[in-house]
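Under numbering that gives the first Met the number 0, the first residue of the sequence shown carries the number 0, and numbering increases by one thereafter. Working notes, beginning with the structure itself.
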Amino acid sequence: MTKTFFAAIAVCLALAPAAGADPFKVRVDQTVTLKLNQPANSVVIGNATVADVAVHDARTLLVTGKAFGSTNLTVLDRAGNTIYTSQLEVGGEDDAGLTIVRSGGTYSYSCVDKCRPTPMVGDAPAHFSDVMTTVTGKQSTAKGSN
0 MTKTFFAAIA VCLALAPAAG ADPFKVRVDQ TVTLKLNQPA NSVVIGNATV
50 ADVAVHDART LLVTGKAFGS TNLTVLDRAG NTIYTSQLEV GGEDDAGLTI
100 VRSGGTYSYS CVDKCRPTPM VGDAPAHFSD VMTTVTGKQS TAKGSN
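And the structure:
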């Protein structure tokens with residue numbers, strides 16, 4: 000019985016994340032692949048407004064940043080044991096992003112080849128709305144041509 004107890008403790012310690020482990024990081028509107036050592040049965044995101052997760056297969060998760068903030072990600076096996084847990088931080092744009100604060104409003108741009116307006120949470124409402132109208136119009140046109 001003592002051997003079983005110590006074996007159970009060893010398994011729990013092996014599955015638990017290291018104290019002070021680095022958080023899992025992803026950018027807004029980007030997806031990062033997370034490979035698991037064991038098959039997952041259940042996946043839980045603490046705040047689905049901040050991030051989303053898609054299960055590709057039992058050992059591969061796709062984590063997408065939806066909004067700035069932090070939450071947690073927990074993965075359980077078939078027996079309900081935690082096989083992965085981490086703080087999940089969703090952060091800012093890449094190096095090609097530009098944010099201008101002007102007249103009390105925020106305006107976001109993507110500057111990959113040249114700077115173009117891009118909708119970001121927190122932008123001035125009129126700027127965000129104008130950019131979204133352009134984006135959705137372009138998407139509608141593309142869908143209509145198929």
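All C-beta atoms in this analysis are idealised placements derived from N, C-alpha and C, irrespective of residue type, glycine included. If you're wondering where the values come from, they're calculated on a predicted model, not measured in any experiment.
Identify whether residue i lies in helix, strand or coil by the three-state DSSP scheme.
i           : result
residue 142 : helix
residue 128 : helix
residue 134 : helix
residue 47  : coil
residue 116 : strand
Quick check: residue i and residue j, are their CB atoms within less than 7 Å of each other?
i           : j           : result
residue 122 : residue 105 : yes
residue 87  : residue 23  : yes
residue 54  : residue 31  : no
residue 84  : residue 46  : no
residue 82  : residue 37  : yes
If you drop the 5 nearest sequence neighbours on each side, which residues of the same chain put their C-beta closer than 6 Å to that of residue i?
i         : result
residue 5 : No answer about residue 5 holds up, because its pLDDT of 49 lies below 50 and its placement is not dependable.
In terms of DSSP beta bridges, what is residue i paired with?
i          : result
residue 34 : 59
residue 99 : 106
Whose C-beta lies closer than 8 Å to the C-beta of residue i among residues of the same chain, with five residues either side of it excluded?
i          : result
residue 13 : Bear in mind that the predicted position of residue 13 carries a pLDDT of just 48, short of 50, making it too unreliable to give a figure here.
Assuming residue i contacts residue j under a Cβ cut-off of 8 Å, what Cβ separation, rounded to an integer in Å, is found between them?
i           : j           : result
residue 108 : residue 115 : 6 Å
Within its chain, find whatever has a CB closer than 7 Å to the CB of residue i; leave out the 5 residues flanking it on each side and keep chain order.
i          : result
residue 64 : 25, 26, 27, 28, 29, 50 and 89
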